[in-house]
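In this text, residue positions in the sequence shown follow this note's numbering: the first is -2, and each later residue adds one.
Below you'll find the structure, written out as structure tokens, and then a few comments.
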Amino acid sequence: MKMHDNVSLVRLYLLRVLYLGNFVMLGASVWPGIVRHNGWANPLEGVAVAFWGALSLLCIVGVRYPLQMLPLLLLQFIYKLIWVLAVALPRLSTGAPTWYMAPMLMGVLIEPILIPWAYVFATFVREAGDRRRNPSLATADHVANDHQAHKSVGG
């Protein structure tokens, strides 16, 4: 039995709803500005908008492949958590709330419930990673090393 078989069909559909919601809500808030190319006075704000645009587009892939695109949700959860801890909470302590707080906090509270953590751990922590070398290159290196060693012994 494969690990993805342990993720319930209900969980998969909830993930699909999350990906679709990201695409629709995030896309609706950033793509009009990207298409109109209003330009951003602050280049860092432009980076954020470009990131959110890319994130919204990639979420469409998550609707079809919810488990394979989990790193996207992990990225989203982690950046929201960092933002809440490093930006929102200090601002709230000074009495200066931000309108981003509600969607960011909602993500920090809801996303960890929907993410199948056992699957994440089994797939991205316990499972062996991708190979680091092309096996045919390793063989070629081995042959070259053997040839070099033979040449130095014989010569």
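Note that beta-carbon positions come from the ideal geometry of N, C-alpha and C, so glycine has one too.
Taking C-alpha positions only, R128 is separated from T91 by approximately 49 Å. With a cutoff of 7 Å on beta-carbon distance, R13 and P63 are scored as near each other. With respect to the 7 Å criterion, L6 and L111 are not classified as neighbours on the basis of their beta carbons. DSSP, read as helix, strand or coil, puts P113 in coil. With the rule of 3 Cβ pairs closer than 8 Å, the region 117 to 125 does not count as touching the region 15 to 31. A distance of 7 Å or more separates the beta carbons of V32 and V46. F74 is positioned such that its CB atom lies no closer than 7 Å to that of E42.
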